[in-house]
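Residue numbering for the sequence shown is -23 to -1, 1 to 302, as defined by mature numbering (1 follows the signal peptide of the UniProt record, and there is no 0). Where a beta carbon is used, it is the ideal one built from N, C-alpha and C, also for glycine. This report refers to the structure that appears directly beneath it.
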Amino acid sequence: MKKLTAMLLLGVALFGAQTTARADGLNIVFTHHSSASNTFWQAVKKGFDDGCAKVEASCNMVFTQTEGSIEQQVANMRAALAAKPNALLTSIVDDHAFDDVIKEARDAGVLVIAVNVDDTEGAKGNARQAFVGQGFKPAGYSLAKAISESFPKDGPIKVLVGISAPGQNWSESRGAGVMQFLEEYKAAHADRDVSWERIDSGTDLAITSDRVGAYLNAHPDTTAYFDTGFWCAGVARVLQDRGVAPGKVLLGGFDLVPEVLQQMQKGYVQALVDQQPYMQGFMPVMEAYLNKKIGLAPSDIDTGQGIVRPNQADAIMALSAQGMR
């Protein structure tokens, strides 16, 4: 924390005296696992672009053609490294797929920072030098705890946990955090019937709507649905189309994109977790700048697990319209 605070203060000093801080020759490439249609990643890109403009770096964010494609991301990383950038920012959604290419980058003297998703073993599992992003399992736990405040006071509790991308670190870890809380809740309420299931819920609003909607048809007594992304917005649409009252099935998820905030404003989503995508784009650029300019090693930055409630949705929507949230 002291190192991060020092870095932030230095950043303020560097930028306070002038409108831009030049980083002559600084070339940064950002590869990740999402397509350009993913609203969340457009907020990351806004932070990335603003950071690059601030230090006058040459920057490029490379999306995948297919949402969540590890193969395309690895190919993008190799292509980007062929251009010999100073820094590589990348998400690590798989514990093994990126090990070789990241080691090659480090061996070539490229600064490597994991952003948004890290190896589940952190620095022990991958040669990246720092991680900027959310602690996923604690965030899942916090979300489940927040939603549990609205659980009915008596009767059974039946929960569905949507693992949006089975096998990918971010989704599995968030889901594990949700289920850890449910295990503790069940132990603390031994007199009640508390149960849960997991489902491959998908990373597309229409797909999630179909899969979870079918589950709800078969299990109309479902108390709550937890999504490991923002695709609970699709489930909210299903409930609305079926005439189900807001709050009858509790909904919670991640990321403050317009689609899910709109459903929160309607009362269908009770809680969301904010991981601050703008910060995930902006701060790694600052770390790359400080590394090149004065030799500071990059530091881990936890971008948070703040719980957002419906009474905050209007204010956040205004920022979302600016591409900041």
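- Task: From the DSSP output, read off the bridge partner residues of valine 215.
- Result: DSSP lists no beta-bridge partner residue for valine 215.
- Message: Closest to glycine 258 by C-alpha separation, out of Leu296, Gln50, Val109, would be which residue?
- Response: Comparing Cα-Cα distances from glycine 258 to each of Leu296, Gln50, Val109, the minimum goes to Val109.
- Query: Does the separation of the CB atoms of tryptophan 208 and leucine 182 fall below 8 Å?
  - Reply: Less than 8 Å divides the Cβ of tryptophan 208 from the Cβ of leucine 182.
- Whole-number beta carbon distance between leucine 88 and asparagine 268, since they are thought to touch under 8 Å: Between leucine 88 and asparagine 268 the Cβ distance is about 6 Å, and since that is below 8 Å, they are a contact.
- Query: Could you check where the beta strand (DSSP E) with aspartate 176 kicks off and where it finishes?
  - Reply: A small correction: the amino acid at residue 176 is isoleucine; aspartate does not occupy that position in the sequence shown. Residues 171 to 177.
- In terms of alpha-carbon separation, which member of Asn93, Ile271, Gly244, Asp279 lies closest to aspartate 291? Of Asn93, Ile271, Gly244, Asp279, the residue nearest in Cα terms is Gly244.
- Query: Within the chosen definition, does the segment 129 to 139 reach the segment 96 to 112 through at least 3 CB pairs nearer than 8 Å?
  - Reply: The segment 129 to 139 vs the segment 96 to 112: no contact.
- Task: Leaving aside the five residues before and after glycine 112 along the sequence, list all residues of the same chain whose C-beta is less than 8 Å from its C-beta, in chain order.
- Result: The answer, listed in chain order, is Asp279, Gln282.
- Message: Checking the sheet assignment: what are the DSSP bridge partners for aspartate 27?
- Response: Answer by DSSP bridge pairing: none, since aspartate 27 is not bridged.
- Does the Cβ of aspartate 10 have 16 or more other Cβ atoms within 10 Å, making it buried, or fewer, making it exposed? Residue 10 is actually histidine in this sequence, not aspartate. Classification of histidine 10: buried, given that the 10 Å Cβ count is 16 or more.
- Just to confirm, are threonine 97 and serine 150 a CB contact at a threshold of 8 Å? Going by C-beta atoms, threonine 97 is nearer than 8 Å to serine 150.
- DSSP beta-bridge partners of methionine 38: According to DSSP, which records beta bridges pairwise, methionine 38 is partnered with Phe7.
- Message: Am I right that leucine 228 and valine 250 are in contact with their C-beta atoms under 8 Å? What's the rounded C-beta distance?
- Response: The beta-carbon distance between leucine 228 and valine 250, rounded to whole angstroms, is 13 Å. This is too long to meet the 8 Å contact definition.
- According to DSSP, what are the bridge partners of threonine 43? According to DSSP, threonine 43 bridges with nothing at all.
- Query: Span of the alpha helix (DSSP H) holding phenylalanine 207?
  - Reply: Segment: none, phenylalanine 207 is in no alpha helix (DSSP H) and carries neither H nor E.
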